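Trainee: Please find one structure pasted underneath; my questions will follow.
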Amino acid sequence: PTHAVKNSGLADIHLVRTATTSRLPPAVPDVLGDHVPSLVGPQAPAFADRHPRALGPEWKTWASERFTVAWRDFLQRPDAAHDPQFDTIKHIYESVVGAAGGRRRPRP
């Protein structure tokens, strides 16, 4: 859903803005764990395997790229314009991408 995409970007931007620079923020255990394999499939790779940069020294870069992808997706959805935060998100997104010279492209 559109609101989930928006909130995913919001979570990532909070990671980017955290004052912590030398270490990862504290992690919480996976509350779903192995109890709900149907959400990601029974053969889904672990988070660390899917997103290795998220757990190393480049975690802020990873979060920044994730925020950019999520909010770009959000802004392109037809129903996003009805979200009360649409204009604010658009402004923040355009400011960040503009400051980066439009070079925000996610790495694999």
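Here the sequence shown is numbered in our numbering, starting from 6 and rising by one per residue. Even glycine gets a Cβ: it sits at the ideal position worked out from N, Cα and C. Since the model is a prediction, treat every value here as computed from it, not as a measurement.
#1: Hey, quick one: how far does the alpha helix (DSSP H) through Asp78 stretch, first residue to last?
#2: Please report the Cβ distance between Thr66 and Val101, rounded to the nearest whole angstrom; I am assuming they are in contact, meaning their Cβ atoms lie under 8 Å.
#3: Between the beta-carbon of Trp76 and the beta-carbon of Gly14, is there less than 8 Å?
#4: Can you tell me whether DSSP reads Arg61 as helix, strand or coil?
#5: Indicate the three-state DSSP secondary structure (helix, strand or coil) for Asp88 in the structure shown.
#6: Label Asp17 either buried or exposed according to how many other C-beta atoms from any shown protein chain fall within 10 Å of its C-beta, with 16 as the threshold for buried.
Mentor: On the basis of the coordinates in this document:
#1: Along the sequence shown, one-based indexing puts residue 78 at 73. Segment Trp64 to Gln81, the alpha helix (DSSP H) holding Asp78.
#2: By 1-based counting over the sequence shown, the position of residue 66 is 61. By 1-based counting over the sequence shown, the position of residue 101 is 96. Contact doesn't hold; Cβ gap of about 13 Å is too wide.
#3: To locate residue 76, count along the sequence shown from 1; it is residue 71. To locate residue 14, count along the sequence shown from 1; it is residue 9. Yes.
#4: Translated into the one-based positions of the sequence shown, residue 61 becomes position 56. According to the sequence as given, residue 61 is Gly; it is not Arg. If DSSP states are grouped into helix, strand and coil, Gly61 belongs with coil.
#5: One-based indexing of the sequence shown puts residue 88 at position 83. Note: Asp88 maps to coil in three-state DSSP.
#6: Translated into the one-based positions of the sequence shown, residue 17 becomes position 12. Its Cβ being crowded by 16 or more others within 10 Å, Asp17 is buried.
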